[in-house]
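What follows is a short report on a single structure.
Protein chains in written order, with our numbering: chain A, 1 to 542; chain B, 543 to 1084.
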């Protein structure tokens, strides 16, 4: 027997419709790519997004067609985003930090028909688009006065296009499982893989993140969306802020400490979200400038592990609460959040730190489990570490065009590729990437745990631990160190530094010093290259 | 093109699964019907609910079968609720305050196979069940020691049933549009009509209410769920509290001021929800006893209009924020909420009152509009009042078994039967029930507006305004007054009291004094009876 409630497909056009109708005057403030601050409203964004839709329709873009954006967080980017999605086309956010060859691969794989770009990325597109035959048109998101001379074929000026198109457009009317967004994983192994979000998954992700114990945005918040829309959908902020009518501040191209601080203060921001490196820049700036944070209450930090020192600095020096989140492109992205249970919240602050540095607990709609290599579920005792597996309506079921084949296990879980523990209070902590775990005599050694300790040594600039072949143990850990400029050291002092801080059998079998440690497009250490470089390294213990 | 996210039907069994796994030790505390306080946890409730499922299966209850409850808010009621829903049966909450004939009608219409009852309602069921042939079994929710002698055929003792059944049971596995809950409207006009919720609508309602700007429950909250589960699903609390792992306090049969105050204080409640009469009882008790509210932060009040005096009393005397909600059985029930926009929140408290006394704004997922009798959309100017129409995935699309026929208009809106205004800031205010509006010369007069003013006169105990036939104006208002015990007055003094407070043409054409004003099962004035009584009344102006 079916229930008898209204048929109301969960499509994201309804989010901006809601914002226009019930929060129409709420501001969206952008530090524009051209320079000046630009203030608009949800009502204006709604109107302009419909002009985008009509332009796309006039160019023959329809349901299921991919339309890319390569752009900073701006009001115009939100307009393009909803203009694309509202007519059932797929908004494909391109990460401009990728290497040109990766961008070419992704654009061709997605078969993008139109690309919306900021001025910043016109030269980048000029350099690659002759290798991307699907792209019929590029829309430069600027006004006519700022429109550059470009050799891009069929380049359109955004403001000119908007002026030429009507604001009357019917949105929605399609099934909620219709594709809505496309985002490729950075792909440290193999080719990039596309996650194809549906309207339903994005709408549900919005509701999930709006819970008090997740991101909990309110119409009384002013949110600075630092995390880019091309980085896992800005953690959903381009949906959740309009859904509740939160005032939204978009930082455009400038994410240095001084620029962020200026926005936080002048726009009276209450909530923000970004990766640790951005906050590191802000904290450095504040210490140098003596600046304060007078309105900011809470920051969500994710993308990589948040150091305890950062949590303490925000709390002790600036009275700002840090909440850590974990997620990935494949999880829309919110997977867990480190909001405190009542028992932990009642502890003295310093005693909360061990939980605040974990990645947190899943909200309703996400289920996590740990499995070993044989698919056996591991205990949630905070000690056993295994593959982190995740299920839910906002989690990828397969990749675009079937790349990677079947990606769910028999029980429908997606393998995150992370290795983690979950403690008895339900807090998950990422221990390592599965491919970076060192398998020594059938037991697992976490490369990240060792790196995190090693990097605490005064002389160390960067530390990486990789597994190297060993005749007896299969693999043993090798510690690769880049020391600070002009500093030298000997192997033993770094091994001594680790002594007592890790299990005896986790001790690296050797230490090597390098001039540089390779970093990937997202700023993480590229261990694939390191492993390749040291694949024939002979350990002294071998 | 379809998105490629995981298939994960929104079924409510997953809510209790989540609570068990991630908030398993969180307490559910009940003032039991037998007397003592009983503490259980979400993990225990989950286990016991599965025993309920197995009992139902052993009795031949399957997907789509209706299983009723007639019960107070208790931990056992939650177990029965999930035990029924988890296997795809339909949980039909019976309102024990209905007249016996209404209960018989509803049970027969629903064709309930099993009824779970509290001890309180055994005599009531004994009196009516011989007229309800579909009911095969009654489960008395008590332990064996407290099991009464009863002439009910096939009466089962709940704890005995649980002990006999296994806790192993697979839940879910059905379509998210499967029927999940059934609740009949009290039906002041015509027969009661059944609203048939789906798993999807209840799951989405849960997420919608968990937003910060709606009910915003957190795992750090202790929630006293006063509003009954038979009254529009306890406004969703039996879903939303476990979904976030909030500690849940269930008041059982006692809802007097002293009992509620005791629970609020001993259980350290932070949030609660109930109708105005409950809060009136609490405030009276607090004033008489000198009691304080030391942990309560916020109360949600709905079901009927919240007087400004109640909002002020909570704020000024006890430091508790009142949030008003509006909804109905047909809206799951949350429709609007009077949380303040940032502009209003910035006003001095006294200036916020005009908005706090309105019913509020809709969250994402609910859309409201005002239409006149011809279906024309009216302006949201705070002045025009029209039929309040509502759309969304948590709103009824039709009634059980097609009663009432097509209930949506051409645009898919459900007519709430309320007449309302919506002001430019989006705040909806109920003006009247559509059937109580007085249509005078083609214009509408709000009976409630006049009543609210009249009841402010010192001598007035109850006031009702009804339309009476008039040869020239079709209808004109008649003011029906019940004065306080031992008090008398003349018509003119009450008309003088209204003078200047309402439009001249709204002034009642006459005043009549009565010894009693009839109230319906939900405590509201029964205007149908009043209109019948005065249908031949000749106005002096006629």
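Just so you know, even glycine gets a beta-carbon here, dropped at the ideal spot from N, CA and C.
Quantities reported herein were computed from a predicted structural model and do not represent experimental measurements.
key: Rounded straight-line distance, which links the Cα of residue 738(B) to that of residue 946(B)   = 14 Å
Proximal residues of chain A, C-beta to C-beta of residue 972(B) below 7 Å = What residue 972(B) touches in chain A: nothing, since even the nearest Cβ is about 18 Å away.
message = Tell me the DSSP secondary structure of residue 387(A) in three-state form.
response = strand
ask   = Taking C-beta to C-beta, are residue 355(A) and residue 340(A) nearer than 9 Å?
value = yes
Reduced DSSP category for residue 605(B) - H, G, I as helix; E, B as strand; rest coil = coil
inquiry  = Using 8 Å for Cβ pairs, my map puts residue 455(A) next to residue 508(A). What's the rounded Cβ distance?
reply    = Not confirmed; about 14 Å, so no contact.
query = Quick one: complete alpha helix (DSSP H) runs, 4+ long, within the stretch 953 to 1029 of chain B?
reply = 989 to 996
ask   = To which residues does DSSP link residue 5(A) through a beta bridge?
value = 938(B)
inquiry  = So with CB distances below 7 Å, who are the chain A contacts of residue 937(B)?
reply    = 5, 6
ask   = Are three or more beta carbon pairs between the stretch 2 to 13 of chain A and the stretch 734 to 752 of chain B nearer than 8 Å?
value = yes
task = Taking only beta-carbon positions, decide if residue 423(A) is within less than 9 Å of chain B.
result = no
query = Is the Cβ-Cβ distance between residue 110(A) and residue 146(A) less than 9 Å?
reply = no
query = Taking the continuous beta strand (DSSP E) assigned at residue 668(B), which residues delimit it?
reply = That residue, residue 668(B), is in no beta strand (DSSP E); its alpha helix (DSSP H) goes 664 to 670.
ask   = Under three-state DSSP, which class holds residue 255(A)?
value = coil
message = Can you tell me whether residue 213(A) is buried or exposed? The criterion is at least 16 other CB atoms within 10 Å of its CB, across all chains shown.
response = buried
request  = Tell me whether residue 250(A) sits in a helix, a strand or coil according to DSSP, three-state version.
outcome  = strand
ask   = Could you give the C-beta distance for residue 1052(B) and residue 1023(B), rounded to a whole number, given that I count them as a contact under 8 Å?
value = At roughly 11 Å, the Cβ-Cβ gap does not stay under 8 Å, so residue 1052(B) and residue 1023(B) are not in contact.
Reduced DSSP category for residue 230(A) - H, G, I as helix; E, B as strand; rest coil = coil
task = Put residue 757(B) into one of helix, strand or coil per three-state DSSP.
result = coil
inquiry  = Strictly below 9 Å CB to CB, what residues from chain A border residue 633(B)?
reply    = Per Cβ cutoff of 9 Å: no residues; residue 633(B) is ~12 Å from chain A at best.
message = Does the beta-carbon of residue 1008(B), which I'm using as the reference point, lie nearer than 8 Å to any heavy atom of the ligand GDP?
response = Of the ligands one can find in the structure shown there are none, so the ligand GDP has no counterpart to examine.
query = Should residue 836(B) be labelled buried (16 or more other beta-carbon atoms within 10 Å of its own) or exposed?
reply = exposed
request  = From the DSSP output, in three-state form, read off residue 174(A) for me.
outcome  = coil
message = Out of 906(B), 930(B), 907(B), which one is the CA nearest neighbour of residue 917(B)?
response = 930(B)
task = Can you have a look at residue 891(B) and say buried or exposed, based on whether 16 or more other CB atoms are within 10 angstroms of its CB?
result = exposed
ask   = Is residue 866(B) helix, strand or coil by DSSP?
value = strand
request  = Evaluate the contact criterion for the stretch 272 to 279 of chain A versus the stretch 297 to 310 of chain A: three or more CB pairs, one atom per stretch, below 8 Å.
outcome  = yes
query = Residue range of the alpha helix (DSSP H) that residue 272(A) falls in?
reply = From DSSP, residue 272(A) is part of no alpha helix (DSSP H) but of the beta strand (DSSP E) over 271 to 274.
inquiry  = Just checking: is the beta-carbon of residue 941(B) within a distance shorter than 9 Å of some beta-carbon in chain A?
reply    = yes
message = If we define contact as Cβ-Cβ less than 9 Å, is residue 82(A) a contact residue for chain B?
response = no
task = Report the neighbours of residue 576(A) on chain B: residues whose CB is nearer than 7 Å to its CB, in chain order.
result = There is no way to answer for residue 576(A), as the model of chain A reaches only from 1 to 542.
task = Using a threshold of 9 Å, state whether the C-beta atoms of residue 420(A) and residue 478(A) are closer than that.
result = no
inquiry  = For residue 225(A), list the residues DSSP reports as bridge partners.
reply    = 273(A)
task = Anything in chain B within Cβ reach of residue 391(A), meaning under 8 Å, just list it in chain order.
result = 548, 550
query = What are the partner residues of residue 726(B), as DSSP defines its beta bridges?
reply = 736(B)
ask   = What three-state label does DSSP hand residue 786(B) in the structure shown?
value = helix
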